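Protein chains: 2
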Amino acid sequence: MSRELKNFGLTHEQYNVLRILKGKSPDEMCVKDIAGRMIEKSSNVPRIIDRLVLKKLVKRTNDANDKRHTVMSLTVAGLNILELSTQRINQLLDEMIQLTDSSAAQLNELLEQIRAKES
Amino acid sequence: MSRELKNFGLTHEQYNVLRILKGKSPDEMCVKDIAGRMIEKSSNVPRIIDRLVLKKLVKRTNDANDKRHTVMSLTVAGLNILELSTQRINQLLDEMIQLTDSSAAQLNELLEQIRAKES
DNA sequence: AACAAATACATGTACGTACATGTAATAAAA
DNA sequence: TTTTATTACATGTACGTACATGTATTTGTT
């Protein structure tokens, strides 16, 4: 996946943030909202956004209501690149993961057994 | 695991390198030997070793036979810290992963199905 | 209202991965 | 034997995680 995303100039986490933003669009999201929806919780969200803003895939403005907030939304360019890359990623996933439904369920369950032990 | 290793001043990868060195001790190993035995192949081995040498857990000398080589071995301090941390790690793993043998085999098989699809 | 606590970021460090490139030493080829 | 290729490593960049700390800006308390 990382290899494919690189063709779009994205990292895994940047892609993740774009997806999250699209999920809420056209609403704007603040850093905390985004962080809360990330798979791997990260303290790095502001810097990931920095990079997306630099690439003009995300727009960032100040929130008048709460000046601690900074609010983000996808640009048209961001939406476009997200759709192209998502298409490619889904295609890849289809090719790679060909488990039967019951195998997938079983895998999930076993991983869950381990995960449950995490402190 | 990372959390526990931190108590010993080690990262996951540093711990990994110490284990690899112990596996060959008292023989010395060059960077390539170590890299070849790492779980996650990494181009970063020289720098991981740098940090271990700084902490005096690993000794590094030049190889007279092949001057391109640099050869590493555990110091006594390195061996000590490795044994202490390994003891703790094994204890943790025992607590965390309590799958039956057949469940473990099944998990392995399912992950293998996915892994086999990687290009 | 004044002050303390919490919130939302921003930013810094240490260290890791992935990748590209540089360099000395050795091995292979002409 | 001289050139070329390969090897083994060192080093640089971009970016990620984990963690610690700083700083406005709220919010809650007295």
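Protein chains in written order, with this note's numbering: chain Z, 1 to 119; chain C, 120 to 238.
Note that beta-carbon positions come from the ideal geometry of N, C-alpha and C, so glycine has one too.
Small disclaimer: the values here were computed from a predicted structure and weren't measured.
Other residues of its chain near residue i: CB distance less than 8 Å, five sequence neighbours each side excluded
i              : result
L84 (chain Z)  : F8
N181 (chain C) : H188, T189 and V190
Interface residues of chain C facing residue i [CB-CB closer than 9 Å]
i              : result
Q106 (chain Z) : Q225, L226 and L229
Selected residue, minimal CA-CA separation from residue i, among the options
i              : options                        : result
M1 (chain Z)   : Z:Q113, Z:G36, Z:L92 and Z:I34 : Z:L92
T189 (chain C) : C:C149, C:I200 and C:S161      : C:C149
R179 (chain C) : C:D185, C:N209 and C:E147      : C:E147
S144 (chain C) : C:M157, C:V177 and C:E159      : C:V177
M38 (chain Z)  : Z:D66, Z:D50 and Z:N16         : Z:N16
K151 (chain C) : C:K125, C:M191 and C:N184      : C:M191
K6 (chain Z)   : Z:Q113, Z:T86 and Z:S103       : Z:T86
8 Å Cβ cut-off: residues of chain C touching residue i
i              : result
S103 (chain Z) : L229 and Q232
CB contact flag (residue i, residue j, <7 Å)
i              : j              : result
L129 (chain C) : G197 (chain C) : no
L193 (chain C) : L229 (chain C) : no
Any non-hydrogen atom of the ligand FAD closer than 6 Å to residue i Cβ
i              : result
N108 (chain Z) : Of the ligands one can find in the structure shown there are none, so the ligand FAD has no counterpart to examine.
Same chain, Cβ closer than 7 Å to residue i, five either side skipped, listed in chain order
i              : result
D94 (chain Z)  : none
R122 (chain Z) : An answer regarding residue 122 (chain Z) cannot be provided, because it is not within the stretch 1 to 119 covered by chain Z.
Spatial neighbours of residue i in its chain, beta-carbon cut-off 6 Å, leaving aside the 5 residues before and after
i              : result
N132 (chain C) : Correcting the residue identity first, residue 132 (chain C) is Glu in this sequence and not Asn. Hits under 6 Å: I167.
A154 (chain C) : V164
Does the pairing of the region 170 to 187 of chain C with the region 92 to 107 of chain Z give three or more beta-carbon distances under 8 Å?
no
Any 3 or more C-beta pairs closer than 8 Å across the region 159 to 168 of chain C and the region 193 to 201 of chain C
no
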